[in-house]
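Read in order, the letters of the sequence shown correspond to residues 9 to 566 in our numbering. Built from N, CA and C at the ideal position, the CB exists for glycine as well. What follows is a short report on a single structure.
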Amino acid sequence: MAEMDLEHVLFGLSTFVNDCEEKKLNVDNVYKESYLKLLDQMALLLREESTRDHDLIRSNLPKFIDSADYLLVNQEQPGYNELLLEVIRVLANSIADNDVNRRQLSSKSDFIEHLSNQLESKPDDSSLNERILILLKNLVIDTPDVAKDVSFITQSLLSYISQSDGGIFMAVDLLTDLIGNMQYNPNPQNIENLIKLLVKTLNQQSDLDEDEFAELVVNISSVLEGITVDPRFKFDKAETEKTLQVGLFDSLKKIDSLEFQNILMAKRRLFASIGNISANLTTSNKPMRTYSISNVQDQNQQNGYIISGCFTIIGNSIASPEDRNEVLDQAPALVNDILSKYNYLTDPVQFQGILHLLKALTNFDTVGTLFTDKNFKVLEFLIEATVRNSKYYTNFNVLLTGFLKKLFVLVNQRHVEKILNSGVPEILTSSDPSNESNLIILLLLNKVAIYKSDSNIDIFCNRIFKFSNDIQAAYLFELTKTIGVLLQHRSSYVLENYSSSLITLLTTIDSIDASSNDNAAKAVLNNGRYISGTLLNLSKENDIDPELKALSEKLLRK
């Protein structure tokens with residue numbers, strides 16, 4: 009492209025942009041056809057990166073933006089619409105892969121707002137709306153800061169896709185670039201409209217291009233996941249909660265009967281959307297309880313995402329012992345039903361629901377059900393799979409810890425024996441060291457020391473006695489409590505194998521300020537004194553390390 013070509017086109021359009029600026033554009037046939045040809049030539053020239061980077065483009069771009077705005081606002085004037093289509097095309101080409109030009113356009117917030125208003129108010133104007141969507145997509149793609157600046161268009165896009173039959177693919181694709189910055193009215197109707205669009209799309213697979221169908225389903229699912237996580241939504245009306253959740257479950261059911269690229273991604277995002285709505289603080293989850301229990305009890309239900317989503321909802325419907333009793337009264341064999349569905353949980357993300365629900369249901373009345381031969385084998389599989397996948401899903405440790413903490417507090421001697429005769433000790437001690445995973449081991453070791461004082465506890469102690477001087481107070485409290493129990497039941501074993509570790513531990517406790525008002529620090533110090541007192545009593549009949557004895561005496565004087 010010669011420079012004169014660009015200069016010639018810009019010169020020919022100078023009258024056009026000036027007349028738009030002065031709001032006196034003449035659109036008789038001669039002028040209009042001339043402008044259309046020049047705008048077409050301009051759009052073609054802007055396909056070249058060198059043209060988009062040209063100083064003449066950057067200096068004239070604001071004028072073309074203002075011209076487009078003028079034509080858009082006054083599009084009812086005869087002849088304006090054809091020119092508007094071409095100017096929008098020019099702008100779309102000018103900002104393609106060009107951050108400098110993008111920022112010029114994004115700074116014109118009034119114009120961006122007029123574009124979004126056009127989509128919302130005239131959803132059936134397919135020719136213009138298609139050009140606008142291309143322009144907006146070119147504006148935000150791979151440019152997060154610009155996407156954030158223009159995220160106020162979100163509500164207009166949501167309204168547009170709920171009203172229009174055309175341009176849906178581009179509108180949803182554009183919304184995916186706004187996820188994380190979306191600005192909209194937090195009305196559940198927005199979510200319902202997206203679900204309706206998804207259902208409609210799923211029912212039209214045979215009418216759509218294979219790749220376009222797959223991308224549209226994944227994109228709608230992504231937007232649903234991004235929007236349902238917003239805590240501003242209110243799902244306190246039972247009918248609203250049921251409509252949305254059943255719609256999402258029906259979509260998962262429909263998807264399960266289809267085949268398309270990235271189907272796993274779509275399933276995961278719809279599953280996450282169910283979890284997001286369920287976790288919203290305004291969601292009761294009780295309106296969906298019967299539906300969810302029925303799915304868990306249904307022997308023909310094998311969809312792991314539906315099953316796990318139902319687990320999540322039932323678990324989140326339990327906020328008190330009374331709620332738990334209501335659930336168990338409605339489904340007395342629910343714990344058995346839950347574990348019978350384990351083999352259908354083929355995606356690790358599905359473990360979240362089962363761990364959450366088992367924690368919610370576990371109490372003195374149900375703990376025994378977990379230790380029947382059949383159920384305990386499933387429980388062992390679940391623990392192993394969770395530990396194995398916790399390297400990739402960071403919240404798994406928290407979920408597993410929450411469940412096992414509750415479980416190990418409730419176990420009796422028979423349960424402890426069953427655990428020791430299984431692969432659970434090896435599974436737990438093979439997990440990556442962390443305060444969360446070590447806490448589970450401490451709780452189990454506590455019960456083992458009490459109920460099975462003759463058992464081999466090397467596998468547990470080799471793990472928990474590895475610590476540094478820098479230990480968090482919450483974990484230190486549990487550690488010192490368990491060591492106190494060990495010294496009571498297995499003192500010779502501890503003194504013979506872990507005296508140096510006890511020295512490190514008591515040194516850490518000794519560093520705590522005795523005058524501290526911190527409750528956690530006080531609790532640790534009290535446990536340390538108990539350990540010290542126990543050690544000094546043991547020293548009357550056993551030889552203990554002089555340094556350990558001196559530290560014990562020092563702690564008791566604090």
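Exercise. On the three-pair Cβ rule with 8 Å, is the region 212–222 touching the region 255–265?
Worked result: With a cut-off of 8 Å, the region 255–265 and the region 212–222 do not count as touching, because too few Cβ pairs lie within range.
Exercise. Around the C-beta of Ala482, are 16 or more other C-beta atoms found within 10 angstroms, so that it is buried, or is it exposed?
Worked result: The residue is exposed, with fewer than 16 neighbouring Cβ atoms inside 10 Å.
For this session: Name the residue from Gln496, Glu29, Ala51 whose alpha carbon lies nearest to the alpha carbon of Ser75.
Result: Here the closest residue by C-alpha is Glu29.
Exercise. Near Ile315, which residues of its chain fall below 8 Å by C-beta distance, leaving aside the five closest residues on each side in sequence?
Worked result: Within the same chain, Ile315 has close Cβ partners Asn303, Val304, Gln309, Lys349, Tyr352, Leu353, Gln358, Gly361.
Problem set entry | Alpha-carbon spacing of Glu15 relative to Arg60, whole angstroms | Computed Cα separation, rounded: 13 Å.
Problem set entry | Where Glu233 falls: helix, strand or coil (DSSP) | Note: Glu233 maps to helix in three-state DSSP.
For this session: Confirm, please, whether the CB-CB distance from Gly492 to Asn534 is below 8 Å.
Result: Going by C-beta atoms, Asn534 is not nearer than 8 Å to Gly492.
Exercise. Using the beta-carbon count (16 or more within 10 Å), is Leu126 buried or exposed?
Worked result: Leu is not the amino acid found at residue 126; the sequence shown has Gln there. Counting other Cβ atoms within 10 Å of its Cβ, Gln126 reaches 16 or more and is therefore classed as buried.
Exercise. Looking at the unbroken alpha helix (DSSP H) that takes in Asp157, where does it start and where does it end?
Worked result: Judged by DSSP secondary structure, Asp157 falls within the alpha helix (DSSP H) whose first and last residues are 152–157.
Exercise. Of the residues Phe268, Asp553, Leu336, which one's Cα is nearest the Cα of Thr298?
Worked result: The shortest C-alpha separation from Thr298 is found at Leu336.
Exercise. Can you give the Cα-Cα distance for Leu412 and Phe379, rounded to whole angstroms?
Worked result: Straight-line Cα distance between these residues: approximately 13 Å.
For this session: Jot down the residue ranges of each uninterrupted alpha helix (DSSP H) in the region 488–545, minimum 4 residues, whole runs only, in chain order.
Result: If we require 4 residues or more, the alpha helix (DSSP H) runs fully inside the region 488–545 come out as 499–518.
For this session: From the DSSP output, in three-state form, read off His62 for me.
Result: Of the three classes helix, strand and coil, the one that applies to His62 here is coil, per DSSP.
Exercise. From Arg55, Lys71, Ala393, pick the residue whose C-alpha is nearest to that of Val25; which is it?
Worked result: Put simply, of Arg55, Lys71, Ala393 the residue whose alpha carbon is nearest the alpha carbon of Val25 is Lys71.
Problem set entry | Cβ neighbours of Asp264 in the same chain (closer than 6 Å, five flanking residues each side left out) | Result list for Asp264: Asn311, in chain order.
Exercise. If you check the beta carbons only, do Ser540 and Leu503 fall under 8 Å apart?
Worked result: Between Ser540 and Leu503, the CB-CB gap reaches or exceeds 8 Å.
For this session: Starting from the C-beta of Asn596, find all residues in its chain whose C-beta is less than 8 Å away, skip the five residues before and the five after it, and write them out in chain order.
Result: In this structure the chain extends from 9 to 566, so residue 596 is not present and cannot be described.
Problem set entry | Asn195 - DSSP class collapsed to helix/strand/coil | Coil at Asn195, not helix or strand.
For this session: Give the C-beta separation of Ser229 and Leu278 to the nearest angstrom, bearing in mind that I take them to be a contact with Cβ-Cβ under 8 Å.
Result: Rounded, the Cβ-Cβ distance is 5 Å, consistent with contact.
For this session: Given a cut-off of 8 Å, decide if Gln112 and Leu79 are closer than it, judged by their beta-carbon atoms.
Result: No. Outside cutoff.
Problem set entry | Boundaries of the alpha helix (DSSP H) in which Lys557 is found, first to last residue | Lys557 -> alpha helix (DSSP H) spans 554–565.
For this session: Just tell me which of Ser134, Leu365, Thr488 has its CA closest to the CA of Leu407.
Result: Closest option to Leu407, Cα to Cα, is Leu365.
Exercise. Going by C-alpha distance, which of Lys32, Leu559, Gly376 is nearest Tyr88?
Worked result: Nearest C-alpha to Tyr88 among Lys32, Leu559, Gly376: Lys32.
For this session: Decide if Tyr313 is buried, meaning its Cβ has at least 16 other Cβ atoms within 10 Å, or exposed.
Result: Label assigned to Tyr313: buried.
Exercise. If you drop the 5 nearest sequence neighbours on each side, which residues of the same chain put their C-beta closer than 6 Å to that of Glu425?
Worked result: There are no such residues.
For this session: Name the residue from Asn333, Leu556, Glu90 whose alpha carbon lies nearest to the alpha carbon of Glu41.
Result: For Glu41, the closest of Asn333, Leu556, Glu90 by C-alpha to C-alpha distance is Glu90.
Problem set entry | Straight-line gap, His122 to Met296 (C-alpha atoms, nearest Å) | If you take the alpha carbons of His122 and Met296, they lie about 41 Å apart.
For this session: May I have the straight-line CA-CA distance separating Ile552 from Asn505, to the nearest angstrom?
Result: Approximately 11 Å between the Cα atoms of the pair.
Problem set entry | Complete runs of the alpha helix (DSSP H) confined to the region 241–329 [at least 4 residues] | Runs of alpha helix (DSSP H) with 4 or more residues, each lying fully within the region 241–329, are found at 246–264, 271–287, 297–305, 312–324, listed in chain order.
For this session: Return yes when the Cβ of Arg139 is within less than 8 Å of the Cβ of Leu64, no when it is not.
Result: No, the pair does not count as a contact, with Cβ atoms beyond the cut-off.
For this session: Measure the C-alpha to C-alpha separation of Asp118 and Asp105 and round it to an integer number of angstroms.
Result: Going by the C-alpha atoms only, they are around 23 Å apart.
For this session: Can you have a look at Pro239 and say buried or exposed, based on whether 16 or more other CB atoms are within 10 angstroms of its CB?
Result: Answer is exposed; the Cβ neighbour count stays below 16.
For this session: Could you check the C-alpha separation between Ile282 and Thr402 for me, to the nearest Å?
Result: Rounded to the nearest angstrom, the two C-alpha atoms are 20 Å apart.
Exercise. Alpha carbon to alpha carbon, how far is Glu11 from Thr23?
Worked result: Only weak support exists for where Glu11 lies, its pLDDT of 49 falling under 50; the value from the coordinates is given anyway. Cα atoms of Glu11 and Thr23: separation of roughly 20 Å, rounded to the nearest angstrom.
For this session: Answer with buried or exposed for Glu218, where buried requires no fewer than 16 other C-beta atoms within 10 angstroms of its C-beta.
Result: With a 10 Å radius around the Cβ and a threshold of 16 neighbouring Cβ atoms, Glu218 comes out exposed.
Exercise. If Leu544 sits next to Ser524, beta carbons under 8 Å apart, how far is it from one beta carbon to the other, in whole angstroms?
Worked result: Contact annotation, Leu544 with Ser524: C-beta distance approximately 24 Å; criterion of less than 8 Å not satisfied.
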